[in-house]
């Protein structure tokens, strides 16, 4: 399991956000600050992190049922569509999870 996998698991399981400070190997210091704010519910921070990690990717969010938010990030190219969707109690956390999963996939394709 990579540091990024552990980070995604921590955000998904709603662990104490201070524990995410160990994620600095995954993201830069500025992005780590946005990571913590997004996990605490800041949509602005989640969007800033998405733009930093996935520039040009589209995103969206909605509330399919009360108390549950679904967010996606996607990128279209001539060859394929990449899309990642997540659900969470806040739109910021759902967008954060979708962003981290997409970022992990982009890093894996670079190997």
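Numbering (my numbering), first residue to last: 7 to 117. Even glycine gets a Cβ: it sits at the ideal position worked out from N, Cα and C. Since this is a predicted model, take the numbers as computed values, not measurements.
Same chain, Cβ closer than 6 Å to residue 52, neighbours up to 5 away in sequence not counted: 44, 98, 101 and 102
Taking C-beta to C-beta, are residue 83 and residue 64 nearer than 7 Å? no
Can you round the beta-carbon distance between residue 105 and residue 59 to whole angstroms, since I take them to be within the 8 Å contact cut? 6 Å
Could you give the first and the last residue of the continuous alpha helix (DSSP H) run that contains residue 97? 97–115
Under 7 Å between C-beta atoms of residue 75 and residue 94: yes
For residue 76, write down the residues that DSSP places opposite it in a beta bridge. 68 and 93
Simplified DSSP state of residue 81, which is helix, strand or coil: strand
Give me, in chain order, the residues of the same chain whose beta-carbon lies closer than 8 Å to that of residue 14; leave out the 5 immediate sequence neighbours on both sides. 103, 106, 107 and 110
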